[in-house]
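S.K.:
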Amino acid sequence: MPTIPPSPVKADPALDAITAKTQAGQRLTLDEGRVLFETSDIWSVCDLADQVRRRLHGSRAYYNINQHVNYTNICALSCSFCEFSRKRGDHGAYEMSVDEIRARTAEARDAGATEIHIVGGLHPYLPFTYYTDMCRAIRDEAPRIHIKAFTAVEIVHFARISKRPRDLRGVLLDLQQAGLGSLPGGGAEVFDDRIQKQAFRGKLRADAWIDVHRIAHELGMNSNATMLYGHVESIEDRLTHFDILRRAQDEALTRRESSSGVSDRAQGCFQAFVPLPFLPDGSDLTHLAGPDGLENLRTLAVSRLMLDNIPHIKAFWIMQTLPMSQLMLRCGADDIDGTVVWYDITKCNAGATHQEMSVWDLRRAIVEAEFEPIERDTLYRRVMRDGAAWHVAV
Ligand code: SF4
2 MPTIPPSPVK ADPALDAITA KTQAGQRLTL DEGRVLFETS DIWSVCDLAD
52 QVRRRLHGSR AYYNINQHVN YTNICALSCS FCEFSRKRGD HGAYEMSVDE
102 IRARTAEARD AGATEIHIVG GLHPYLPFTY YTDMCRAIRD EAPRIHIKAF
152 TAVEIVHFAR ISKRPRDLRG VLLDLQQAGL GSLPGGGAEV FDDRIQKQAF
202 RGKLRADAWI DVHRIAHELG MNSNATMLYG HVESIEDRLT HFDILRRAQD
252 EALTRRESSS GVSDRAQGCF QAFVPLPFLP DGSDLTHLAG PDGLENLRTL
302 AVSRLMLDNI PHIKAFWIMQ TLPMSQLMLR CGADDIDGTV VWYDITKCNA
352 GATHQEMSVW DLRRAIVEAE FEPIERDTLY RRVMRDGAAW HVAV
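Position in the sequence shown (first residue = 1) + 1 = the numbering used here.
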């Protein structure tokens, strides 16, 4: 019988101190993060992230039943990584009416969705009332559905079009009063001015992105955070990104703690981090290869280890693919997102016109990876369900 050769990858002694710190629940430095990104012993990094994930969430793996609405692809910006945006009059340009969004909401409600996830381009002509009307229509049509909507760059755009460029709080408050429940994490890309100029000119700087989320947290809303990686950024840029998020979360958690009992409004924080691999097809950066599978696993695992104060790490199957998301559950992820009826922004299957996963497929993927599937709502509360009827477990 042939002998199996030993693994060519040797355990890296540089990981010993990091392992000890992680197991003791201590925060890792950026230098230690660099070791995690550079070691050849990627599987030990994944194992370590798995230990942290199991300490936080045991064998639970979360998913939700949600509907994505991308209300327009018409956008004033032209980010070079974006295959989604169009200019008005371009082939394929579209904008949805509030009535269309209402109809989409009714479908989602009837299918038992607990969340509507809304993002779109920065439409140069739609008035701010379009967005508040959209939230009110959804609230009216499906009062129990959580509205998770509008990335930070959209919120800044709304402040401009509502002629209140310095009043982000007022804009967020108007949206909250119309029904907005929390913010998604998009638009962060990579927090670095050099990269911004090179690839996302006109998009938000890190401080502006953080400002929007801080104000949303102060108003009691939770939010997510993303990082688009695998294009022109360096390992240092990824670590800086983690550091900025980790410090912003420290501040959010401190605010929440100091306000509990003295304020009538609960303070929000970041709930989940979502690493997003750059997909070059259809963008202006098709000459780049994009990250490979191992890089995707490693980046997710390092995010679990570095972002010690953000409770959830999401393997966003729509960009990572479902098979890769299964592996990621073993490398630090505890969430694979939702059924995602229709998502137009990026497609892991080139040419797909409709991306959707059945609950059965999501649950089966989680069970196959040897985790316990738990349906959650947007706020990570357990959902109990009988068909389309659902309630949050107490
Ligand atoms: S990434 Fe967003 S802001 Fe940039 S061009 Fe695409 S839709 Fe517009």
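Glycine included, C-beta positions come from ideal geometry on N, C-alpha and C. Predicted, not measured: the structure shown is a model, and the values here were computed from it.
Use the C-beta contact count for Gln68: other C-beta atoms within 10 angstroms, 16 or more gives buried, fewer gives exposed.
M.R.: As a working mapping, residue 68 is identified with position 67 in the sequence shown. Buried, by the Cβ-count rule.
S.K.: When you compare only the Cα positions, how much space is there between Glu258 and Met222?
M.R.: For the purposes of this step, residue 258 is taken as residue 257 along the sequence shown, with counting starting at 1. For the purposes of this step, residue 222 is taken as residue 221 along the sequence shown, with counting starting at 1. Each residue's Cα considered, the two are about 15 angstroms apart.
S.K.: From Glu369 to Ala62, what does the alpha carbon distance come to, in whole angstroms?
M.R.: Translated into the one-based positions of the sequence shown, residue 369 becomes position 368. Translated into the one-based positions of the sequence shown, residue 62 becomes position 61. Going by the C-alpha atoms only, they are around 12 angstroms apart.
S.K.: Heavy atom of the ligand SF4 less than 7 angstroms from the Cβ of Gly122, yes or no?
M.R.: Counting from 1 along the sequence shown, the entry for residue 122 is found at position 121. Yes, the beta carbon of Gly122 sits closer than 7 angstroms to at least one heavy atom of the ligand SF4.
S.K.: Put Arg377 into one of helix, strand or coil per three-state DSSP.
M.R.: Position 376 of the sequence shown, counted from the start, is the residue given in the question as residue 377. It is a strand residue.
S.K.: Does the beta-carbon of Gln27 have 16 or more other beta-carbons within 10 angstroms, so that it is buried, or is it exposed?
M.R.: In the sequence shown, counting from the first residue as 1, residue 27 sits at position 26. With fewer than 16 other Cβ atoms within 10 Å, it is exposed.
S.K.: Considering only DSSP beta bridges, list what Lys149 is partnered with.
M.R.: For the purposes of this step, residue 149 is identified with residue 148 of the sequence shown, where counting begins at 1. DSSP output for Lys149 lists His118 and Ser183 as bridge partner(s).
S.K.: Just curious, the beta strand (DSSP E) that Pro276 is in, first and last residue?
M.R.: On the sequence shown, position 275 is the one that residue 276 refers to. Residues Phe271 to Pro278.
S.K.: Can you list the beta strand (DSSP E) stretches of 3 or more residues lying completely in the stretch 207-277, in chain order?
M.R.: If we require 3 residues or more, the beta strand (DSSP E) runs fully inside the stretch 207-277 come out as 223-230.
S.K.: Ignore the nearest five residues each way along the sequence and tell me which others in Leu380's own chain have a CB closer than 8 angstroms to its CB.
M.R.: Within the sequence shown, numbered from 1, the residue matching residue 380 stands at position 379. These residues qualify, in order along the chain: His147, Ser183, Asn223 and Gln272.
S.K.: Taking the beta strand (DSSP E) that Ala62 falls in, what are its first and last residues?
M.R.: Within the sequence shown, residue 62 is the residue found at index 61, counting from 1. Note, Ala62: beta strand (DSSP E), Arg61 to Asn65.
S.K.: Out of Arg161, Ile139 and Gln52, point me to the one whose CA is closest to Asp100's CA.
M.R.: Position 99 of the sequence shown, counted from the first residue, corresponds to residue 100. Here the closest residue by C-alpha is Ile139.
S.K.: What do you get for Ser359, buried or exposed, if any count of 16 or more other CB atoms within 10 angstroms of its CB means buried?
M.R.: Mapped onto the sequence shown, residue 359 falls at position 358. Ser359 is exposed by the Cβ-count criterion.
S.K.: Excluding the 5 residues preceding and the 5 following Gly93 in the sequence, name in chain order all residues of the same chain whose CB lies nearer than 8 angstroms to its CB.
M.R.: The residue given as residue 93 occupies position 92 in the sequence shown. Within the same chain, Gly93 has close Cβ partners Asn74 and Arg87.
S.K.: Kindly list the residues whose CB is nearer than 7 angstroms to the CB of Gln177, restricted to its own chain and excluding five residues on each side of it in sequence; keep chain order.
M.R.: In the sequence shown, residue 177 corresponds to position 176, counting from 1. Leu220 and Met222.
S.K.: Is the beta carbon of Phe279 within less than 7 angstroms of some heavy atom of the ligand SF4?
M.R.: To locate residue 279, count along the sequence shown from 1; it is residue 278. Every heavy atom of the ligand SF4 is 7 angstroms or more from the Cβ of Phe279, so no.
S.K.: Using 7 angstroms as the cut-off, classify the Cβ of Lys204 as near or not near the heavy atoms of the ligand SF4, replying yes or no.
M.R.: Here residue 204 refers to the residue found at position 203 of the sequence shown. Lys204: yes, Cβ under 7 angstroms from the ligand SF4.
S.K.: What's the call for Arg299, buried or exposed, on a 16-neighbour Cβ count within 10 Å?
M.R.: Counting from one through the sequence shown, the residue named residue 299 turns up at place 298. Per the 10 Å Cβ criterion, buried.
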